[in-house]
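**Q** Position 222 of the sequence shown, counted from 1, bears residue number 222 in full-length UniProt numbering, the numbering being contiguous throughout.
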Amino acid sequence: MIPVAFDYVRPSTLEDAVAALSSAADEAKILAGGQSLLPVLRLRLAAPALLVDLAGLPGLTGTRLDGDALVIGAMTTHAAVASSPLVRQHAPLLAAAAGTVGDRQVRHRGTLGGSLAHADPAADLPAVAAALEAVYVVQGPGGRREIAAGDFSVDLFTTALSPDEVLVEVRLPSTAGWATHYEKFHRTAQAWAIVGVAVAVSRSGETIGEARVALTNMGPVPHRARAVESALAGAPAVAEAVAEACAGVAADTAAVDDLSASADYRRELARVLTTRAVCRALGV
Ligand code: FAD
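(1) The ligand FMN and I147: does the residue's C-beta get closer than 6 Å to at least one heavy atom of that ligand?
(2) Relative to the C-alpha of R10, which residue among L57, V4, P48 is closest?
(3) In the DSSP assignment, the beta strand (DSSP E) including P11 goes from what residue to what residue?
(4) CA-CA distance, V278 and V138?
(5) Under the three-state reduction of DSSP, which class applies to residue 294: helix, strand or coil?
(6) Which residues mark the beginning and the end of the beta strand (DSSP E) in which L31 is found?
(7) Would you tell me roughly how many angstroms separate the C-alpha atoms of L31 and G234, rounded to the nearest one?
(8) Taking DSSP's pairing of strands, which residues face T207 in a bridge?
(9) Which whole-angstrom value describes the C-beta separation of K184 and T100, a residue pair presumed to lie in contact below a C-beta threshold of 8 Å?
(10) Quick check: the stretch 159–177 against the stretch 67–74, are there 3 or more CB pairs under 8 Å?
(11) Can you tell me where the beta strand (DSSP E) with G34 in it begins and where it stops?
(12) Less than 7 Å between the beta carbons of V228 and V249, yes or no?
(13) Under the rule that 16 or more other beta-carbon atoms within 10 Å means buried, what is L45, buried or exposed?
(14) Start and end of the beta strand (DSSP E) containing R171?
(15) So what's E229 in DSSP terms, helix, strand or just coil?
(16) Would you mind sorting Y136 into buried or exposed? The rule is 16 or more other CB atoms within 10 Å of its CB.
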């Protein structure tokens, strides 16, 4: 289908982008890589009067270190995230997960900020950001503010962003040296996760130190599996102990039935995939 007619601007400064969003009240939408927004427009699930294209803005792409935080610009593509030596060193979980998003074309157009702001429950990167305790830096008419990943996704396709705010960058405490793995179960014909599991664990000798586990598509927003994290912390880094710690991972999730899977199937998948992801991260 053809989208409803809209105006289009391509500002050259962040301030102009925010001003354009503010001037259109709730009638404007940001355009990043267009990999989620354009299908939505073509299906007429949204009909914004104005598109504000971020492609011309300087400073929204790339990766850098700021103290012990890895900072990634919101307009950095999935392909750039996956191949960045800095991301691979300081957020290996994110680099691995970004490499599983869609196909080559999607990864070269789609952006980290777009994926997080779109807040699709089946998207891989919001759960990864939750597991890595990311902080989102956003800019609006009143200046900048920071939002913790755990507070960012508030419901299906809904975030804590105001309509006149731009997600500018994502800050990730370095997890260099942590054992990490993203495990995703999807149908062969498409890459969207039926269930995904993001795991990061620190290790001291034969014992698990800190553990972070977050699930994709087990409810409207990424699910941080706090009880599993507590059970893993201090446990021996062996498969039997991991399986025991992960057994109840689905207990407090909000999995739903849909065309891809029943809620029961998802809960069982979550158990199997979480155990597998932790074992693969630890190499046991
Ligand atoms: P856009 O489509 O341009 O924007 C998406 C939404 O975010 C819009 O509402 C827009 O207004 C808003 N937005 C964008 N940038 C910002 C910003 N900086 N600040 C505030 N709001 C912003 N994703 C996965 O996670 N896993 C997959 O396996 C996967 N498979 C895919 C397969 C296909 C065939 C396609 C087309 C997409 C797939 N995706 C998948 C989605 C893909 O990751 C998109 O790139 C991503 O969801 C949106 O990023 P974008 O840059 O294209 O954003």
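Ideal Cβ placement from N, Cα and C applies to all residues, glycine included.
**A** Per the coordinate set shown:
(1) The ligand FMN is absent from the structure shown, which contains only the ligand FAD.
(2) L57
(3) It is not in any beta strand (DSSP E) - P11 carries neither H nor E in the DSSP assignment.
(4) 32 Å
(5) The shown model of the chain, from 1 to 284, leaves out residue 294, and the question about it has no answer.
(6) Counting along the chain, the beta strand (DSSP E) containing L31 begins and ends at 28–31.
(7) 45 Å
(8) The secondary-structure analysis by DSSP pairs T207 across a beta bridge with S204, P236.
(9) 6 Å
(10) yes
(11) G34 -> no beta strand (DSSP E), and no H or E assigned at all.
(12) V228 places its beta carbon less than 7 Å from that of V249.
(13) Exposed is the call here.
(14) Counting along the chain, R171 sits inside the beta strand (DSSP E) bounded by residues 166–173.
(15) helix
(16) buried
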